[in-house]
Amino acid sequence: MIVRMDSRHRRRCFTLAELLVMIAITASLVSILLPVLLRARDKASAATCAGNMRKIGIAVYIYVDENADFLPYSDYVGAYSESNPAPQELLHVYYRNARAFVCPTDATPENYNWWRFGGHASFRSGSSYMFSEQAIRHSNPVASMKRPTRFGFMSEGYVCSNGSTWNTLNQFNGLTGWGIRVDWDHMLQVNVLWGDGHVKAVHQRSAAVKVRSDPKN
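Taken in order, the sequence shown gives residues 236 to 452; the numbers are from our numbering.
Here it is as structure tokens:
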């Protein structure tokens, strides 16, 4: 009888030890695999975002083709209006899928609707992307782009309340009185639609050097 109790006791201890080992192994695997899975998910989101921007880039060049080879022009004077549409509205005419203007990693694109007199712009779903101020606030022919492969026409980012564009790549500061921010959501990188139509991400460390926000510079 004593032998049988000891045998059962030994079997229970062995099973508990196995369970503890399995828990430890599982925890180790999770700690190893979770960062890998998160990186894979972010890469997929970044790829979708880049695809969106390529579609917008096609819309830009359709606009250019129909407007005497000029880049989209959308001056900001107080606020956007029916006679002065936001740049996203200009391009939405050529590509009517509103989701193309939203990055998968942007949880609140609706927070940044384009502001104008009489309420928000008619394109209400919000936008994850903003445009070079020097490009859209002036009438710029495509031929005026000095370095198309270095000129950042559009990037991920947002403008709160009453802004329209970005003209700074400083990740900590916006313009005085304006809530302008570049989004660095893809592992400290931001997707950029460049002046020649290609889309490529740039890292936060080198963005201020690599990206030109003025097409004529």
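Beta carbons: idealized from backbone N, C-alpha and C, even for Gly.
Legend entry - Classification of residue 253 by the beta-carbon crowding that lies within 10 angstroms, buried from 16 upward: For the purposes of this step, residue 253 is identified with residue 18 of the sequence shown, where counting begins at 1. Label assigned to residue 253: exposed.
Inset, instruction - Express the C-alpha separation of residue 303 and residue 292 in angstroms, rounding to a whole number. - result: For the purposes of this step, residue 292 is identified with residue 57 of the sequence shown, where counting begins at 1. For the purposes of this step, residue 303 is identified with residue 68 of the sequence shown, where counting begins at 1. Distance between the alpha carbons of residue 292 and residue 303 is about 17 Å.
Legend entry - For residue 303, three-class secondary structure by DSSP: Reading the sequence shown from its first residue, position 68 is the one you call residue 303. Coil at residue 303, not helix or strand.
Inset, instruction - Report the rounded CA-to-CA distance for residue 430 versus residue 438, giving the unit in angstroms. - result: As a working note, residue 430 is residue 195 in the sequence shown. As a working note, residue 438 is residue 203 in the sequence shown. Answer to the nearest angstrom: the Cα atoms are 18 Å apart.
Legend entry - Beta-carbon proximity list for residue 289, same chain, < 6 Å, skipping 5 on both sides: Reading the sequence shown from its first residue, position 54 is the one you call residue 289. Within the same chain, residue 289 has close Cβ partners 434.
Legend entry - CA nearest to the CA of residue 297, picked from 385, 327, 309 and 337: As a position in the sequence shown, residue 297 is number 62, starting the count at 1. Taking only the C-alpha atoms, the option nearest residue 297 is 327.
Inset, instruction - May I ask you to verify whether the stretch 422-429 touches the stretch 372-382, counting CB pairs closer than 8 Å and requiring at least 3? - result: Too few Cβ pairs lie closer than 8 Å, so no.
Legend entry - Rounded C-alpha distance that separates residue 445 from residue 386: The sequence position of residue 445 within the sequence shown is 210, counting from 1. The sequence position of residue 386 within the sequence shown is 151, counting from 1. In a straight line, the C-alpha of residue 445 is about 9 Å away from that of residue 386.
Legend entry - Own chain partners of residue 335 with C-beta closer than 7 Å, once the 5 adjacent residues on each side are dropped: Here the question's residue 335 lines up with position 100 in the sequence shown. Hits under 7 Å: 287, 290 and 291.
Inset, instruction - Alpha carbon to alpha carbon, how far is residue 270 from residue 383? Give it in angstroms, no decimals. - result: Counting from one through the sequence shown, the residue named residue 383 turns up at place 148. Counting from one through the sequence shown, the residue named residue 270 turns up at place 35. Taking the straight line from one Cα to the other gives about 36 Å.
Legend entry - Cβ neighbours of residue 447 in the same chain (closer than 7 Å, five flanking residues each side left out): In the sequence shown, residue 447 corresponds to position 212, counting from 1. Non-local C-beta neighbours of residue 447 in its own chain, meaning closer than 7 Å and more than five positions away in sequence, comprise 382, 385, 386 and 387, ordered along the chain.
Legend entry - For residue 388, the residue or residues it bridges with in DSSP: As a first step, residue 388 must be located in the sequence shown, where it is residue number 153. Assignment of beta-bridge partners to residue 388 by DSSP yields no partner.
Legend entry - Rounded separation between residue 391 and residue 250 - CA only: Taking the sequence shown and counting its residues from 1, one reaches residue 391 at position 156. Taking the sequence shown and counting its residues from 1, one reaches residue 250 at position 15. Looking at the two C-alpha atoms, the distance is approximately 54 Å.
Inset, instruction - Give the secondary structure of residue 365 by DSSP, where H, G and I count as helix, E and B as strand, and everything else as coil. - result: Position 130 of the sequence shown holds residue 365. In this structure, residue 365 counts as strand in the three-state DSSP scheme.
Legend entry - DSSP beta-bridge partners of residue 436: Reading the sequence shown from its first residue, position 201 is the one you call residue 436. Answer by DSSP bridge pairing, in chain order: 426.
Legend entry - Whole-Å CB distance - residue 338 paired with residue 363, under 8 Å assumed: For the purposes of this step, residue 338 is identified with residue 103 of the sequence shown, where counting begins at 1. For the purposes of this step, residue 363 is identified with residue 128 of the sequence shown, where counting begins at 1. Indeed, because the Cβ distance is near 4 Å, the residues count as touching under 8 Å.
Inset, instruction - From the DSSP output, in three-state form, read off residue 256 for me. - result: In the sequence shown, the residue the question calls residue 256 occupies position 21. If DSSP states are grouped into helix, strand and coil, residue 256 belongs with the helices.
Legend entry - Paired residues, beta bridge with residue 417 - DSSP: To locate residue 417, count along the sequence shown from 1; it is residue 182. Paired residues: 392.
Legend entry - For residue 270, the three-state DSSP class (helix, strand or coil): Translated into positions along the sequence shown, residue 270 becomes position 35. DSSP, reduced to helix, strand and coil, places residue 270 within a helical segment of the structure shown.
Inset, instruction - Using the Cα positions of residue 278 and residue 268, report the straight-line distance between them to the nearest angstrom. - result: Working through the sequence shown from its first residue, we reach residue 278 at position 43. Working through the sequence shown from its first residue, we reach residue 268 at position 33. Separation of residue 278 and residue 268 (C-alpha to C-alpha, rounded to the nearest whole angstrom) is 15 Å.
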